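2 protein chains.
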Amino acid sequence: MTTNAARPDATIAVLGGTGPQGSGLALRLARAGYQVVLGSRTAERAEVKAGELRAAGLTGVTGTTNPDACEAADVVVVAVPYDGHDELIATLAPHLTGKIVITCVNPMRFDKRGPVGLLAGNSSAAEAAAELLPHATVVGAFHHLSAVSLNDPDADLSGHTVMVASDDEDAADQVAELARAVTGNLGVCIGPLRLNRHLEPLTAVLISTNRRYRTHSGVALVGVPDGPPLRR
Amino acid sequence: MTTNAARPDATIAVLGGTGPQGSGLALRLARAGYQVVLGSRTAERAEVKAGELRAAGLTGVTGTTNPDACEAADVVVVAVPYDGHDELIATLAPHLTGKIVITCVNPMRFDKRGPVGLLAGNSSAAEAAAELLPHATVVGAFHHLSAVSLNDPDADLSGHTVMVASDDEDAADQVAELARAVTGNLGVCIGPLRLNRHLEPLTAVLISTNRRYRTHSGVALVGVPDGPPLRR
């Protein structure tokens, strides 16, 4: 692992950077001083959103196509809708070699009873991405931060926990450190990437709760000491 | 719904009441003033554990067989291991008619990589119980409170959130109120019972985190206003 995701001068690409989750993460990362490249299907849409963020004082945000954003970055955050996710990841594979790929994708479906996880319990978008990206390091994180809160510069996210799942402990530690830029707190390295199959659908619980309590909820782990894991 | 789970003089059965999760919930419920009947495969084992709790000053705890515990109670908490769960529930069905059945069962498996959810993402122990109990009201709750903390009378659980899932809003509200006796806080009614398929495996994330950080972690929902849901 030569990349250091949390390096102050790291360049971070956010695929789906024009969507609410992606632009919110970009806002928080840029505000923390990272160079952020928004990726989208068209360079124009990405540059428009990047211009909005620059106009809000977030210098160092640019926009381009998803492949060019991957090439420009040390770390790539995948914040795209699940629909078409696997195809997009497969297409971008050549541009992700040797990089840390952070996925916050939440496969869900909605019906008259509300949101519910879409995938079988033995799979996740993150595990699918890892299968498609044998030459990258996939990390699951940032699933549970509400886009509304991320995009509100005044919203305090310090009460939230970013849970980080990866089979690469070094990459997990780097993403846990990167979480500080978003919430102010070190992320919690929960364990192997397969646990992402439990993180992703938890977002359906939060969305259902949001509808019922008219709020923007999030998750915190209680009783976890600050700092890295004591045992791997 | 004639039962009121949170009624101060309600009798609550805890099946699997001799296990760590069951006895911990029994301790907290008895301390809050509820009559608690521990259920086990044999009346003897249940009465031994009940005697231990009475010796600790928790009067009003008795022990008997699982079927007799169900018959004696207004509300039944199922805190048994998942292994044999469906068979036990089917056997007890005649004794659960008209009752609120709270399940905190967590189907998990363990291998060299740690714990992981056992079931497919489209099923849960709670949904299986509801199928087997057409004449009872099944509610999912109390999945994420560590048995160690529950059994430690000095452990403060006020930072934890009890997430409550049910297709019966009235029963969910009663169990959310019952959560006050355990954590001090009103539980959060997250929505339909099917969301329990996302609550149950979250326990695997907590156990993995506990091993890595040498702690007893729990979950809190952030940003949910106190009180009942504003919209159903």
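Those sequence lines, one after another, are chains C and G.
Per our numbering, the very first residue in the first sequence carries number 54; after that it's consecutive.
Per our numbering, the very first residue in the second sequence carries number 54; after that it's consecutive.
C-beta atoms are modelled at their ideal positions from N, C-alpha and C, and glycine is treated no differently.
Please read all numbers here as calculations on a predicted model, not as lab measurements.
(request) Determine the closest residue to C:Val169 out of G:Ser177, G:Leu203, G:Val228, with distance taken between C-alpha atoms. (result) On the first sequence, position 116 is the one that residue 169 of chain C refers to. Considering only alpha carbons, the answer is G:Ser177.
(message) Once the 5 residues before and after C:Thr256 are set aside, which same chain residues still bring their CB inside 7 Å of it?
(response) Here residue 256 of chain C is taken as the residue at index 203 of the first sequence, counted from 1. Cβ within range, chain order: Asn159, Met161, His196, His197.
(message) With a threshold of 8 Å between beta-carbons, can C:Ile285 be considered close to chain G, or not?
(response) Locating residue 285 of chain C in the first sequence gives position 232, counting from the first residue. At residue 285 of chain C the sequence reads Arg, which differs from the Ile that was named. Output row for C:Arg285: interface = yes.
(message) Let me check one thing: in DSSP terms, what residues is G:Leu286 bridge-paired to?
(response) Not covered by the structure: residue 286 of chain G. The range shown for chain G is 54 to 285.
(request) Starting from C:Tyr266, find everything on chain G with Cβ-Cβ shorter than 7 Å and list it in chain order. (result) Here residue 266 of chain C corresponds to residue number 213 of the first sequence, with the count starting at 1. Going along chain G in sequence order, the residues near C:Tyr266 (Cβ under 7 Å) are Val277, Pro278, Pro282, Leu283.
(request) Give the residues from the stretch 149–177 of chain G that approach chain C closer than 7 Å (Cβ to any Cβ), ordered along the chain. (result) Arg166, Gly167, Val169, Gly170, Leu172, Ala173, Gly174, Asn175
(request) Anything in chain C within Cβ reach of G:Arg247, meaning under 8 Å, just list it in chain order. (result) As a position in the second sequence, residue 247 of chain G is number 194, starting the count at 1. The answer, in chain order, is Arg166, Val169.
(message) Please give the ranges of any beta strand (DSSP E) in the stretch 100–158 of chain G, keeping only runs that are unbroken, at least 3 residues long and fully inside the region.
(response) 114–118, 128–131, 153–156
(request) Find out if the Cβ-Cβ distance for the pair C:Ala125, C:Val114 is shorter than 8 Å. (result) Position 72 of the first sequence, counting from 1, holds the residue named residue 125 of chain C. Position 61 of the first sequence, counting from 1, holds the residue named residue 114 of chain C. In this structure, C:Val114 does not lie closer than 8 Å to C:Ala125 by Cβ.
(request) Could you tell me if G:Thr55 is buried or exposed, where buried requires 16 or more neighbouring beta carbons within 10 angstroms of its beta carbon? (result) Start at 1 with the first residue of the second sequence, and residue 55 of chain G comes out as number 2. At G:Thr55, the pLDDT of 49 sits below 50, so the modelled position is not reliable and the matter cannot be decided from this model.
(message) Please report the straight-line C-alpha distance between G:His251 and C:Leu203, rounded to a whole angstrom.
(response) Mapped onto the second sequence, residue 251 of chain G falls at position 198. Mapped onto the first sequence, residue 203 of chain C falls at position 150. Each residue's Cα considered, the two are about 24 Å apart.
(request) In angstroms with no decimal places, state the Cα-to-Cα distance between G:Ala194 and C:Glu184. (result) If you number the second sequence from 1, residue 194 of chain G lands on position 141. If you number the first sequence from 1, residue 184 of chain C lands on position 131. Cα to Cα, G:Ala194 sits roughly 35 Å from C:Glu184.
(message) Taking 8 Å as the threshold (beta carbon to beta carbon), is G:Leu91 in contact with chain C?
(response) The residue labelled residue 91 of chain G in the question sits at position 38 within the second sequence. Not one chain C Cβ lies under 8 Å of G:Leu91.
(request) Answer with buried or exposed for G:Val131, where buried requires no fewer than 16 other C-beta atoms within 10 angstroms of its C-beta. (result) Locating residue 131 of chain G in the second sequence gives position 78, where the first residue counts as 1. Label assigned to G:Val131: buried.
(message) Using only CA atoms, which one of C:Gly86, C:Tyr87, C:Gly77, C:Asp121 lies nearest to C:Glu105?
(response) Position 52 of the first sequence holds residue 105 of chain C. When only C-alpha atoms are compared, the closest one is C:Gly77.
(request) Please confirm if C:Ser261 has its CB atom under 8 Å from at least one CB of chain G. (result) Numbered from its first residue, the first sequence carries residue 261 of chain C at position 208. So, interface residue.
(request) Would you kindly work out how many angstroms separate the C-alpha atoms of C:Ala66 and C:Arg60, rounded to a whole number? (result) The residue labelled residue 66 of chain C in the question sits at position 13 within the first sequence. The residue labelled residue 60 of chain C in the question sits at position 7 within the first sequence. Cα-Cα distance, rounded: 14 Å.
(request) Just the C-alpha distance for G:Ala37 and G:Ala85, rounded to the nearest angstrom, thanks. (result) There is simply no residue 37 of chain G to check, as chain G begins at 54 and stops at 285 in what is shown.
(request) In the DSSP assignment, find the unbroken beta strand (DSSP E) run with G:Val272 in it and report its ends. (result) Walking along the second sequence from the start, residue 272 of chain G turns up at place 219. That run of the beta strand (DSSP E) goes 271–275.
(message) Which same chain residues end up closer than 6 Å to G:Ala181 when comparing Cβ atoms and leaving out the 5 residues on each side of it in sequence?
(response) Locating residue 181 of chain G in the second sequence gives position 128, where the first residue counts as 1. Once the five neighbours on either side are set aside, the close Cβ partners of G:Ala181 are Asp139.
(message) Just to make sure I have the definition right: I need the residues of chain G whose C-beta is within less than 8 Å of the C-beta of C:Val272. Which are they?
(response) Position 219 of the first sequence, counted from the first residue, corresponds to residue 272 of chain C. What C:Val272 touches in chain G: Val272, Ala273, Leu274, Val275.
(message) Please report the distance separating the alpha-carbon of G:Gly92 from that of G:Ile155.
(response) Within the second sequence, the letter at position 39 stands for residue 92 of chain G. Within the second sequence, the letter at position 102 stands for residue 155 of chain G. Their backbone Cα atoms lie some 14 Å apart in a straight line.
(request) Pull out every residue of the stretch 120–136 of chain G whose Cβ sits closer than 7 Å to any Cβ of chain C, in chain order. (result) none
(request) Assign C:Arg267 to one of three DSSP states: helix, strand, or coil. (result) Along the first sequence, read from residue 1 onward, the residue named residue 267 of chain C stands at position 214. Three-state DSSP puts C:Arg267 in coil, outside helix and strand.
(message) Quick check on the DSSP output: what are the complete alpha helix (DSSP H) runs of length 4 or more inside the stretch 201–231 of chain G, in order along the chain?
(response) Here no run is fully enclosed.
(request) Kindly say whether G:Leu239, judged by its beta-carbon, lies nearer than 8 Å to any beta-carbon of chain C. (result) Locating residue 239 of chain G in the second sequence gives position 186, where the first residue counts as 1. No, its Cβ sits nowhere closer than 8 Å to a Cβ of chain C.
(request) Hey, could you find the ends of the alpha helix (DSSP H) G:Gly86 is sitting in? (result) Looking up residue 86 of chain G in the second sequence gives position 33. That residue, G:Gly86, is in no alpha helix (DSSP H); it is neither H nor E in DSSP.
(message) Going by DSSP, what residue range makes up the beta strand (DSSP E) through C:Arg162?
(response) Here residue 162 of chain C refers to the residue found at position 109 when the first sequence is read from its first residue. Residues 161–164.
(request) Provide the residue(s) that pair with G:Gly170 in DSSP beta bridges, ordered along the chain. (result) Reading the second sequence from its first residue, position 117 is the one you call residue 170 of chain G. Paired residue(s): G:Met161.
(request) Would you mind sorting G:Ala108 into buried or exposed? The rule is 16 or more other CB atoms within 10 Å of its CB. (result) Your numbering for residue 108 of chain G matches position 55 in the second sequence. With fewer than 16 other Cβ atoms within 10 Å, it is exposed.
(message) Strictly under 8 Å for the Cβ-Cβ distance: is C:Ala194 near chain G by that measure?
(response) Here residue 194 of chain C corresponds to residue number 141 of the first sequence, with the count starting at 1. It does not; no Cβ of chain G falls within 8 Å.
(message) List, in chain order, every chain C residue whose beta-carbon is nearer than 8 Å to that of G:Val255.
(response) Locating residue 255 of chain G in the second sequence gives position 202, where the first residue counts as 1. Checking the sequence shown, residue 255 of chain G turns out to be Leu, not Val. Those within 8 Å of G:Leu255 in chain C are His251, Leu255.
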